[in-house]
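Residue numbers 7 to 266, in my numbering, belong to the letters of the sequence shown in order. Heads up, the beta-carbon is just placed ideally off N, CA and C, and yes, glycines get one too.
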Amino acid sequence: MRATVQAGDATSAQSEVPEGERTTGGEVARLRAQLERVQRRRLELPVLPTIPALASLLPGGGLRPGAAYSVGPSVSLLLALLARPSQDGSWCGVVGMPELGVEAAEHLGVDLARLVLIPDPGPRWLAVTATIAEVLPVVVVRPRGSAADAEVARLAARLRDRGAVLLVRGAWPQAEAVIDVDEAQWAGVGAGFGYLSRREVTVTVRSRHSAAPRRGRLLLPDATGAAVAAPTSAVPGRVERVTPERVARVVPERELRAVG
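Given below as structure tokens:
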């Protein structure tokens, strides 16, 4: 009889615990597993390919439709990201970058026939960007100021709806990845003479899906103006950081000549 009473008491005590509290732990685990499945399926979706030197660094091996990427101040890096999509037939738009050089873009592989430039979008730059994302699969923008959270959310929804890729020159909320360059080294300057022929940089990609960043060395640009992976062996010729102090040391002031 005593054992029966104890068992009944335990059952009664359990029934007194609110159902929501009993299932909270299981519900959280179920939602976490569902989110992981969604993210895994999302990572497996087709991506816009990029040049091989960048594909190995980007999550999924390319630019994910519907996603935004935060890119550092390097214009060459932005153009390198546009090169392969434009070559494969995707139209690309650039908003708010009047200083962008089309000749440099062409050297880096961008198909100018599929490049739309909007140098001065005015104060409504975000609305212009959202409109362009309606019709172009890849859009680059340099923000003219801060944007309200609601506007950013609406743009994100439009990107997902249209499957467009947004490359933002600068910081951007909830970016798929942050892509930047550093450790730049130029080649071509000798003991006071020569021409800058190529620049080697480290590209770093920090993804929201990975705790550890990915890094790789690129020639951006190489001697022909293109963007390619840097050779693993030493690059022939002297490669060194060019600074004003270096130039002043190797080139006497009286030997400097104005060019152009």
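(request) Please report how far the alpha carbon of L60 lies from the alpha carbon of E109, in whole angstroms. (result) 21 Å
(message) Within 10 Å of its beta-carbon, does Y201 have 16 or more other beta-carbons around it, so buried, or fewer, so exposed?
(response) exposed
(message) I'd like to know whether the C-beta atoms of A119 and P143 end up nearer to each other than 9 Å.
(response) no
(request) Using the DSSP secondary-structure output, state which residues sit across from Y75 in a beta bridge. (result) L173, A183
(request) Indicate whether E182 and P79 have their beta-carbon atoms separated by less than 9 Å. (result) no
(request) Assign V34 to one of two classes, buried (16 or more other C-beta atoms within 10 Å of its C-beta) or exposed (fewer than that). (result) exposed
(message) Under DSSP, the beta strand (DSSP E) around I124 begins and ends at which residues?
(response) 121–124
(message) Tell me the residue span of the alpha helix (DSSP H) that contains V53.
(response) From DSSP, V53 is part of no alpha helix (DSSP H); its letter is neither H nor E.
(request) Could you check the C-alpha separation between S203 and S82 for me, to the nearest Å? (result) 15 Å
(message) Helix, strand or coil for T30? Go by DSSP, reduced to three states.
(response) helix
(message) If I follow the unbroken alpha helix (DSSP H) through V134, where does it start and stop?
(response) 131–141
(request) State buried or exposed for S62, treating a residue as buried only when at least 16 other CB atoms are found within 10 Å of its CB. (result) exposed
(message) For the alpha helix (DSSP H) containing R2, name the first residue and the last one.
(response) The structure shown does not extend to residue 2, since the chain is modelled only from 7 through 266, so no value can be given for it.
(message) Taking the alpha-carbon of A156 as reference, which of P179, T137, V174, L172 has the nearest alpha-carbon?
(response) P179
(message) Buried or exposed for G99, going by 16 or more other Cβ atoms inside 10 Å?
(response) buried
(request) Figure out for me which residue from A163, R130, R205 has the closest Cα to the Cα of V101. (result) R130
(message) Less than 6 Å between C-beta atoms, sequence neighbours within five positions excluded: which residues of the same chain meet that for L225?
(response) R204, E206, V234, A236
(request) Go through its chain and collect everything with a Cβ distance to E112's Cβ below 6 Å, but skip five positions before and after it. (result) L118
(message) Quick check: does the Cβ of C98 come within less than 8 Å of any heavy atom belonging to the ligand GDP?
(response) The ligand GDP is absent from the structure shown, which contains no ligand whatsoever.
(message) Less than 9 Å between the C-beta atoms of V116 and A89, yes or no?
(response) yes
(message) Alpha carbons only, please: which of P104, W97, R214 is nearest the one belonging to I124?
(response) P104
(request) Locate the beta strand (DSSP E) running through V108, then write down its first and last residues. (result) It is not in any beta strand (DSSP E) - V108 instead sits in the alpha helix (DSSP H) that spans 108–113.
(request) Ignore the nearest five residues each way along the sequence and tell me which others in L188's own chain have a CB closer than 6 Å to its CB. (result) One point to set straight first is that residue 188 is Asp, not Leu, in the sequence displayed. The answer, listed in chain order, is T208.
(request) Please list, in chain order, all residues of the same chain as H215 whose beta carbon is under 6 Å from its beta carbon, the five residues on each side excluded. (result) P65
(message) Taking the alpha-carbon of A229 as reference, which of T210, G194, P219, A218 has the nearest alpha-carbon?
(response) G194
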